[in-house]
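Report on the following structure.
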Amino acid sequence: MQTWAKRGIQTALVTGGLLMLGTGIASANERVDPDAPAGPLDLTLSVPYQIKDNAVGTPLGQVNLPGHEGEVSTKPVTDVVNKAAAPVSKAAAPAAKVAAPATAPVNKAVSKVSEAGSTLGKAAAKAPMAPQRAEERALPAVEQTDDPFMGNKIVGNLALPIQITGNAVGVLGNAEVHSDAEQSYAHNTDVSTNGAGGGLAGNVVNLDWALPVQISGNAGGLGGSGKTSGSASQSAETTGDIETDGTNGGLAGNVVAPQFATPVQLSGNALGWFLAHAESDFDAESEAESGGYIETHGAKGAGTGNVVGAPIALPVRVANDAVSWGGDADATGSSEVEATAGDIPGDRGGKPAYISTDGDDSFLAGNIVQPQGALLASVTGTAAAWIGNSTTEDTSSEAEMQAGGPSYTSGRNAAGSGNIADLPVALPVEAFGIGGTWIGNAHAKGHENTTSAFAGDENLTNGDGSFLSGNTAAGQIASTVEAFGIGGSWIGNASGHATEDKTVDAGGYNGTRGNDSAGSGNIVQVPLAVPAEVFGVGGSWIGQGVGTAEETKVVKAGGGGNTEDDYGFAAANLISTPVSLPAQVFGIGGTWIGNGFGEASADTISEAGGNVKANGKKGTGAGNIGFVPVSLPVQVHGIGGSWIGNAGGESDNLLDSKAGGDATTTGEGGSIAGNVVQVPAGAAATVFGLGASWVGVASGESTNDVVSEAGGDTTTNGDGGSIAGDVVSAQALPIAQVFGSAASLTAVATGEGANTTEVTSGGDIETSGVGGALSGDIFDVPVAAVAQVFGVAGSVGGVAHAVADNDTTGTVGGETTTAGTMDALSGFDGQLPIGVLAQVYDIPLALVAVATSTTENATDISVAGEEPQINLPITGDELPATGLPTLPRSLPSVSELPTDLPTDLPTDLPQLNQLPMETPLSRAERADIGLLPEVQGMPDVTALPGAPALPKVNELAGLPGLPALPSLDAGSLTPQADLASLDSVQGTISGVLGGAALR
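In terms of my numbering, the sequence shown opens at residue 267 and continues consecutively.
Rendered as structure tokens:
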């Protein structure tokens, strides 16, 4: 590049808003980096560039494009300005001294405001102040400054490296290149200043942005051929730590620090367009790092030591993809991206910290606002064809993002100080290992992906003895949005094969205190763990689609919370709503006139929040907990569906989902303190192992192992309190599942599902209200609602086979324990368990078809230790086509019969020996012969002894001998008798009488 052109660009950048006004003004209180200008305004933009090894193929041959390396920067201009402005600092010193009498009253007023804020916090507490539990930090001495800008800083450090290497494009010709390139850029600007004891002093606005752009290893063809190979690596750093101080100041020592690391990678791609061929075999690396740690102080100040930190790590990547339109494209290789925003070498009480500040004995000081993002937008190893052929093979991708870290502050004996607003978000969005075609072939053969994203960490603060201080509000989001291992075709053939290992983590533990305070030490946290993804799917319309995928994933959001309060007012309360919501679709095969096969294996851990703890002892409106943990995995997997074709879905699922944990607090001796309102919901919603077909063959085969847990045990205490230690709880256990079933219409369908599901919601509840009023009461409603359909096979004019093995365990609620005097409306233990279990299983239904079901069922649902009140199993075995399943019919056992029937039953019932007949059993001396029916062919009744006209009974042919009959009395007919023995007696006598019933 010509020298005049470079200078022109540099001047344009400066005059376009980057001119450093007053850059040479020095400050007596600042430590200046040797490479950085010493003024209040320091803005730098650098554009290093590397261009080499690029070529274009033409009908006349290959044209190798010229290369160049260099840098466009504002430094040459700003350095001149710095030197020219150096004398200004000397001239400014007298002005600062003249202004000192005027600024002194301002500083004094600021000190008064700070003292007033501290006094307000102390007065707000209802009870005497407890002794300070941590030593005050030694305050720095206030030094006289000659800096007219009072140590305020505006710093910008932007780096835009550009790397364009190893690209080949054939336009009606051939181009082939090989390139290995490296580019790196680093610029560190530490900012250190001081606003202690000053008004509007020592404030810092610092923007660090590393934005490397890599365009390397791409191949393109347009009526020709482009081929490239090699590697490229690129790194950019715009780092710097920030240190300042606003102690004893007013509007001093505040920091605003956006820190962006956003590498852009467009590398290793192949594009074949219109009767062309493109081929890339390329490895690319891109890295960006921005910012550093932030440390300041705001103690004994007003509007001091506040920090807004915004670390954002966001790589954007399109790499190792193959795309064709009327041509052919092939890509192989690897891609790596890494982004780090912020750093944690700072120290607070022996702990490393990204942000460290304080606001003790102050007003509106030491507050932290920190959105933190570990994000990713990536498309790698995909093949797409439109009337063409595209293939990616043996590709891999790796990404690592880190944003922010732990943060610490305090607001003891202060007002509106030491508060934290935290929003860490870890969210990679990715598509890889996907083949898709419209009239053509697209195959993504074997892609390996590894991703890790970490945003934020724990937060600690302290609001003891303060007013509206030491509070924390945190939204912690850990999620994934991705699609991989997918093959989809529309009139063609497509396949996608991929594996993944991923870790996503956002936020952490939140801790604070609010002893002897008002409106302080409270926590509100919303942890969300939401892995959302589609993988291992094959689908086609007039073609063939095959998708296979394997993954191991850990997604965590937050880490519980802890707050503590004694003698506080509206203090140390905690609200937490952790949600774990895995939403996954995998192992699906579907087709419409073609073949579609999907196979997937998933191993997922999804966790949100953790244990929560508060303390409202001897406080008012303190130590209360609102807790709504929800664990709800929603999954669809192992399904095959076809319409005029063949389809198969196969899956292996292992999932652990957890939200929240135990809840612990106390309200002893308090008013409206230590109460808990909770709604834990442990749930599962899954559909798997299904096969359905209409004129085709379809199968779904799945194993499902799910553990879902929400909440835990609850412990509090309201002894000696008023409306204290009460628990209001609605614990929910909803389960909805369909699996191991098949349906066919003039087709063949098979569904196999092996299910192991364990769901837990809530737990035991323990409290006490001894000596309290309306305290220690429990109002608990555990509810279980379980609906499952499995082992159902239905077919019309076809074949359907269902195989299901169900092992489901659900537990909601537990034991409740309390104590207290009901006269004081305390110690009430009220629990209303509600349970419904509805299952439809083992049902074959066939109409001019074959339908079979092989089903096993083991279900155990516990609702506060009891079985569900409503249990509706609907089942059937080898039903005819016109038959319907029926509910099982069973009679209660004798032990279940009521025992409160009337006891005044008649006692003059005849004994068996009084019946009008003579048998060897009764040994009756006479019989009332007139009651016997006339029997033709029998001898005269007079032949019997004692009745000469009849023969002896034992001489009659065909009459069996009878065993001895027991005698009956009135007592034997009471509800306590064994009624079954009466039936046996009746049967015996009925046989003797030729089938006539005994009445």
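Using N, Cα and C, we set each Cβ at its ideal position, and we do this for glycine too.
Contact check, residue i vs residue j, beta carbons under 8 Å
| i | j | result |
| --- | --- | --- |
| Pro224 | Gln636 | Since the displayed the chain opens at 267 and closes at 1265, residue 224 lies outside it and no answer follows. |
| Gly1035 | Ala1070 | no |
| Ile1001 | Val1052 | yes |
| Ala550 | Ala544 | no |
| Gly211 | Ala651 | Residue coverage of the chain in this structure runs from 267 to 1265, which leaves residue 211 outside it and unanswerable. |
| Ser499 | Glu448 | yes |
| Gly904 | Gly955 | yes |
| Gly632 | Gly564 | yes |
| Val796 | Thr843 | no |
| Val900 | Ala874 | no |
| Gly608 | Gly575 | yes |
| Thr598 | Glu503 | no |
| Ser546 | Gln480 | no |
| Gly439 | Gly593 | no |
| Val584 | Val645 | yes |
| Leu488 | Val437 | yes |
| Pro1134 | Gly1028 | no |
| Glu602 | Glu664 | yes |
Beta-ladder partner(s) of residue i, from DSSP
| i | result |
| --- | --- |
| Gly805 | Gly754, Gly856 |
| Val1058 | Ile1109 |
| Ile1127 | Gly1076 |
| Ala1117 | Ala1066 |
| Asp688 | Gln636, Ala740 |
| Phe1281 | This structure does not reach residue 1281, given that the chain is present from 267 up to 1265, and the question cannot be answered. |
| Thr818 | Asp767, Asp869 |
| Leu1103 | Val1052, Asn1137 |
| His713 | Thr661, Ala764 |
| Thr930 | Lys879, Thr981 |
| Phe954 | His903, Phe1005 |
Expected contact under 8 Å - CB spacing of residue i and residue j to nearest Å
| i | j | result |
| --- | --- | --- |
| Gly731 | Asn781 | 7 Å |
| Asn423 | Asn469 | No, Asn423 and Asn469 are not in contact; Cβ-Cβ is about 18 Å, not under 8 Å. |
| Val1065 | Val1014 | 5 Å |
| Thr1016 | Gly1080 | Not confirmed; about 41 Å, so no contact. |
| Ala823 | Gly773 | 6 Å |
| Thr746 | Ala697 | Rounded, the Cβ-Cβ distance is 12 Å, inconsistent with contact. |
| Ser755 | Ser806 | 5 Å |
| Gly483 | Gly492 | Wrong, their Cβ atoms sit about 11 Å apart, outside the cutoff. |
| Val1129 | Pro1048 | 5 Å |
Residue nearest to residue i in terms of C-alpha spacing, selected from the options
| i | options | result |
| --- | --- | --- |
| Ala950 | Asn919, Ser897, Pro1134 | Ser897 |
| Ala721 | Gly753, Gly785, Gly639, Ala795 | Gly639 |
| Ile1031 | Gln668, Thr324, Asp992, Ala467 | Asp992 |
| Ala990 | Ala998, Thr932, Ser1027, Val945 | Thr932 |
| Val878 | Ala996, Thr982, Asp474 | Thr982 |
| Ala740 | Trp704, Gly777, Asn715, His713 | Gly777 |
| Ile1311 | Gly758, Asp918, Asp308 | Not covered by the structure: residue 1311. The range shown for the chain is 267 to 1265. |
| Ala1090 | His1067, Tyr1107, Asp1043, Ala1068 | Asp1043 |
| Tyr451 | Glu335, Gly327, Ala939, Pro895 | Glu335 |
| Gln1003 | Asn970, Thr1026, Asp985 | Asn970 |
| Gly986 | Gly1086, Thr769, Ala542 | Gly1086 |
| Ala649 | Ser590, Ala1009, Ser673 | Ser590 |
| Ala836 | Ser735, Ala595, Trp807 | Ser735 |
| Asp235 | Ser546, Leu488, Phe548, Gly463 | Beyond the ends of the chain as shown, which are 267 and 1265, falls residue 235; an answer cannot be given. |
Residue i: first and last residue of the uninterrupted beta strand (DSSP E) it sits in
| i | result |
| --- | --- |
| Gln1003 | 993-1011 |
| Gly911 | 900-925 |
| Ser312 | 307-318 |
| Leu1040 | Per DSSP, Leu1040 belongs to no beta strand (DSSP E) and is neither H nor E. |
| Asn839 | Per DSSP, Asn839 belongs to no beta strand (DSSP E) and is neither H nor E. |
| Gln779 | Sequence check: residue 779 is Arg here, not Gln. First-last for Arg779: undefined, no H or E at that position. |
| Tyr451 | 440-454 |
| Asp596 | 594-607 |
| Asn1280 | Here the chain has residues from 267 to 1265 only, and residue 1280 is not among them. |
| Phe526 | 521-527 |
| Thr431 | 428-431 |
| His334 | 334-339 |
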